[in-house]
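Asker:
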Amino acid sequence: MASAELGKKLRILIIPLFVTSHIGPHTDLAVRLAAARGTVEPTLAVTPANVSVVRSTLQRHGASAATSAIKIATYPFPEVDGLPLGVENLSAAGAAGWRIFTRPAQEALIRELPPDAVLTDVHFFRNSVIAGDLGVPCIAFSVIDTFSNLAMSHLGGKVDCDSGCKEVIVPRFPGPEVRIPRTKLPEFLRVQEEHDRFNPRLAGIRRCFGAFNTFLDMERQY
Numbered sequence: 015m016a017s018a019e020l021g022k023k024l025r026i027l028i029i030p031l032f033v034t035s036h037i038g039p040h041t042d043l044a045v046r047l048a049a050a051r052g053t054v055e056p057t058l059a060v061t062p063a064n065v066s067v068v069r070s071t072l073q074r075h076g077a078s079a080a081t082s083a084i085k086i087a088t089y090p091f092p093e094v095d096g097l098p099l100g101v102e103n104l105s106a107a108g109a110a111g112w113r114i115f116t117r118p119a120q121e122a123l124i125r126e127l128p129p130d131a132v133l134t135d136v137h138f139f140r141n142s143v144i145a146g147d148l149g150v151p152c153i154a155f156s157v158i159d160t161f162s163n164l165a166m167s168h169l170g171g172k173v174d175c176d177s178g179c180k181e182v183i184v185p186r187f188p189g190p191e192v193r194i195p196r197t198k199l200p201e202f203l204r205v206q207e208e209h210d211r212f213n214p215r216l217a218g219i220r221r222c223f224g225a226f227n228t229f230l231d232m233e234r235q236y
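The sequence shown lines up with residues 15 to 236 when you count with this note's numbering.
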């Protein structure tokens, strides 16, 4: 029994957003997890058309025990009105891309495996509920740096959507005052209706542990 427990690998299901700029960092993280501990078995979950993005990223890491330990699982891209047939990457989805977040996509795969832990892109906040149902931990991974995440967090609910000010000041930041042009803010901070629609996503993320794609030398103070 003891030897069986020692030989058991920790199965982590990693679910990136279906866009190349998110699949790459999630794949990099999978390699780091596999390299850090030989007892970790990462599985990247992507739609069929995005398997090539994962494989291309793995090739850049070169052949190693870590890259060979990574598995790839696929699930069908959900059918969403407004998205052209065959589009499985949001970089090509255009203005209709937001509709993808209205359809659960990975639930069947998560329940079928099931993993010991779920590491999900922050955009797939509903996965935290599925992980909770299965009794496994959920980690929300943000490919955006710590500075940007903190700025958005501190500005949440603080931006006057009807104000004519051209700049906003980020509160509770260390060091010199940080000013951001309103035109550069994400839409959910500039438009109240978008902010209200974003609230359920934030609630889902708060049910998870958190991980960030940070740069320690540049962001140490944050």
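No residue lacks a Cβ here, since even glycine has one placed at the ideal position from N, Cα and C.
To the nearest angstrom, report how far apart Pro128 and Ala225 are at their CA atoms.
Answerer: Distance between the alpha carbons of Pro128 and Ala225 is about 21 Å.
Asker: Would you report the Cα separation of Pro200 and Asp147, rounded to the nearest angstrom?
Answerer: 32 Å
Asker: Going by DSSP, what residue range makes up the beta strand (DSSP E) through Val132?
Answerer: Ala131 to Asp135
Asker: Buried or exposed: where does Asp231 fall if 16 or more other Cβ atoms within 10 Å of its Cβ makes it buried?
Answerer: exposed
Asker: Check Ser156 in the structure and name its three-state DSSP category.
Answerer: strand
Asker: May I ask which residues mark the beginning and end of the alpha helix (DSSP H) holding Ile124?
Answerer: Glu121 to Glu126 is the extent of the alpha helix (DSSP H) around Ile124.
Asker: DSSP state of Ser17, grouped into three classes?
Answerer: Per-residue confidence for Ser17 stands at a pLDDT of 44, beneath the threshold of 50, marking its modelled position as unreliable; the derived number appears in the next sentence. It is helical.
Asker: By how many angstroms is the C-alpha of Leu72 removed from the C-alpha of Phe91?
Answerer: 22 Å
Asker: Here's a check: name, in chain order, each residue in its chain whose Cβ is nearer than 7 Å to the Cβ of Pro39, leaving out the five neighbours to either side.
Answerer: Val157 and Asn227
Asker: Check for me: the beta strand (DSSP E) holding Phe202 runs from which residue to which?
Answerer: It is not in any beta strand (DSSP E) - Phe202 instead sits in the alpha helix (DSSP H) that spans Glu201 to Arg204.
Asker: Can at least three beta-carbon pairs, one atom from the segment 54 to 63 and one from the segment 74 to 88, be found at a separation below 8 Å?
Answerer: yes
Asker: Could you check where the beta strand (DSSP E) with Thr228 kicks off and where it finishes?
Answerer: Note, Thr228: premise wrong, no beta strand (DSSP E); not H, not E.
Asker: Do you know whose CA, among Pro188, Asp135 and Arg221, lies nearest Gln235's CA?
Answerer: Residue Pro188 is the option with its Cα nearest to Gln235.
Asker: Within 10 angstroms of its Cβ, does Ser142 collect 16 or more other Cβ (buried), or is it exposed?
Answerer: buried
Asker: Look up Thr81 in the DSSP assignment and say whether it is helix, strand or coil.
Answerer: helix
Asker: Tell me whether the beta-carbon of Val136 lies closer than 7 Å to the beta-carbon of Cys152.
Answerer: Judged by beta-carbon spacing, Cys152 lies beyond the 7 Å limit of Val136, meaning their Cβ atoms are not closer than that value.
Asker: Can you tell me which of Glu233, Ala145 and Pro190 puts its alpha carbon nearest to the alpha carbon of Phe161?
Answerer: Comparing Cα-Cα distances from Phe161 to each of Glu233, Ala145 and Pro190, the minimum goes to Glu233.
Asker: Note down, in chain order, each residue of its chain lying with its Cβ closer than 8 Å to the Cβ of Ala165, except the 5 sequence neighbours on either side.
Answerer: Val184, Phe187, Val192 and Ile194
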